[in-house]
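Counting with the numbering used here, you get residues 806 to 1128 for the letters of the sequence shown. The C-beta atom is built at its ideal place from N, Cα and C for all residues, glycine as well. Heads up: the structure comes next, in structure tokens.
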Amino acid sequence: MDAVQQPGELLVVGSINMDLVFQTSQLPSPGETVIGGNFCQINGGKGANQAVAAARGSAVPVKLFAAVGGDDYAVSIMESLKRESRLCIELIQQIADATTGVAAIMVDDQGENMICVAAGANKRLSSDLVEAVANQVFEQASVVLLSAEIPLSTIRTVIGRTVQYGGFVILNPAPALQDFRNDALLADVDILTPNEHEARILSGIEVTGFDSAVEAGRRLQKFGVTTVIVTLGSQGVVVVPSMDSIENDGPWAVLPPEVQVIDTTAAGDCFNGLLAAELARGQSLSQAVEVAVVGASISVTRVGAQTSLPMVEEIEPRIRTTH
């Protein structure tokens, strides 16, 4: 599908984690111990981050389908999500005999990070749970955004149901799974949003800038993906539209505003959440990308995942006309 058929709700399907964040002057090498600085616990997980980014940064209705465990982290996370006024959390599943997902995150002085995730309840977000709520959620969702910290079988089910109900599918392949290359599900993905590392894993092409991002995007389109958007950190994003797209006058790049980078942990999630939200409310691809880039550039100036995500009132004054 080249464009969202009708504006409506955004459904985000993905992970919920508690992020354990360590700030350090440099990231450790294998076998090396480094002395860190500040430590904090911050709500995270790609699904939750993307949903919060969308709810804060756009007026579109947002629902989050995810899972937490039966522990204290779950209580803390749910209390925090309840305070997000534009986010519906009624679909979040509590799995009593599981632990909530946990991510250990190290962030250096340049804002670069290393992340290790213990999936916990996220790996119990099953296809059966999707089917149990399918009739009540997919009919209302004009856009469905997924990330890959949940089971591949669940991703397949969600995409299949979205297509069945005529929805628009955005897949953030993070982490990148080799199975994506051998799976027919990519043929039903309307927008794929890898970063440069994920694009390399999925396409086999080393992505270093605009030209190689376009080459990787074109190769990924051979798997059936309609549009590929490669995120390149400080180099912005490269949009590789479908050859049949109404906006297709060739691939284009959007550069971010210059900012003082503190923490890039949630930049990709912020971009994806805002991109999906803007498309769900009927914006064009180029307009949605612009909003998402600006929002992500704000997020990197703050520490943490959900603590860094901007409000719509912060984003709108910084929007400029591009492309």
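Euclidean distance between Cα positions of residue i and residue j
i       : j       : result
Val1044 : Pro1056 : 5 angstroms
Asn927  : Glu895  : 16 angstroms
Glu1001 : Val1059 : 15 angstroms
Gln945  : Phe1076 : 23 angstroms
Thr1127 : Glu1095 : Low confidence applies to Thr1127: its pLDDT is 43, below 50, so where it sits in the model is not reliable, and the reading given next is rough at best. Distance between the alpha carbons of Thr1127 and Glu1095: 7 angstroms.
Gln899  : Arg861  : 24 angstroms
Gly1109 : Val1042 : 22 angstroms
Ala923  : Asp993  : 29 angstroms
Arg1005 : Cys845  : 32 angstroms
Leu816  : Leu1007 : 25 angstroms
Gly874  : Ala903  : 5 angstroms
Gly850  : Asp824  : 8 angstroms
Glu917  : Ser834  : 14 angstroms
Asp995  : Arg929  : 26 angstroms
Ile897  : Val839  : 37 angstroms
Glu1118 : Glu837  : 43 angstroms
Asn822  : Val907  : 5 angstroms
Ser820  : Ser1017 : 30 angstroms
Pro1122 : Val1099 : 10 angstroms
Ile847  : Val963  : 28 angstroms
Residues near residue i in its chain [Cβ-Cβ closer than 6 angstroms; skip 5 each side]
i      : result
Ile960 : Leu951
Nonlocal neighbours in the same chain, by C-beta distance under 8 angstroms from residue i, ignoring five residues either side
i      : result
Gly971 : Gln810
Arg986 : Leu1007, Phe1028
Cys893 : Pro866, Val867, Lys868, Leu869
Pro980 : Ala953, Glu954, Glu1003
Residue(s) in a DSSP beta bridge with residue i
i       : result
Ala1082 : Note: Ala1082 sits in no beta bridge, so no partner.
Ile1034 : Val1044
Glu814  : Ala946
Asp824  : Ile847, Ala908
Ile753  : Given that the chain is displayed from residue 806 to residue 1128, the structure contains no residue 753 and the question cannot be resolved.
Ile920  : Ile910
Leu869  : Val817
Gly841  : Thr829
Ala1058 : Val1043
Close-in-space but distant-in-sequence residues of the same chain around residue i (CB under 7 angstroms, 5 per side omitted)
i       : result
Gly1142 : Outside the displayed span of the chain (806 to 1128) sits residue 1142, for which this structure offers no information.
Met919  : Leu832, Met911
Supposed close pair residue i, residue j - CB separation, criterion 8 angstroms
i       : j       : result
Leu1037 : Ala1071 : Their Cβ separation, rounded to whole angstroms, is 16 angstroms, which puts Leu1037 and Ala1071 out of contact at 8 angstroms.
Below-7 angstroms beta-carbon distance, residue i vs any chain D residue
i       : result
Val1096 : Protein chain content of the structure displayed is limited to a single chain, and chain D is not contained in it.
Fill in: Inside the region 990-1019 only - beta strand (DSSP E) runs reaching at least 3 residues
Entirely contained in the region 990-1019, not one beta strand (DSSP E) run reaches 3 residues.
Worksheet item: Which residue spans inside the region 1062-1120 form an unbroken alpha helix (DSSP H) run of at least 4?
Response: Complete alpha helix (DSSP H) runs here, min 4: 1072-1085, 1090-1104, 1117-1120.
Fill in: Whole runs of the alpha helix (DSSP H) within the region 872-899, excluding any shorter than 4 residues
With a minimum length of 4 residues, the continuous alpha helix (DSSP H) runs that stay inside the region 872-899 are 877-887.
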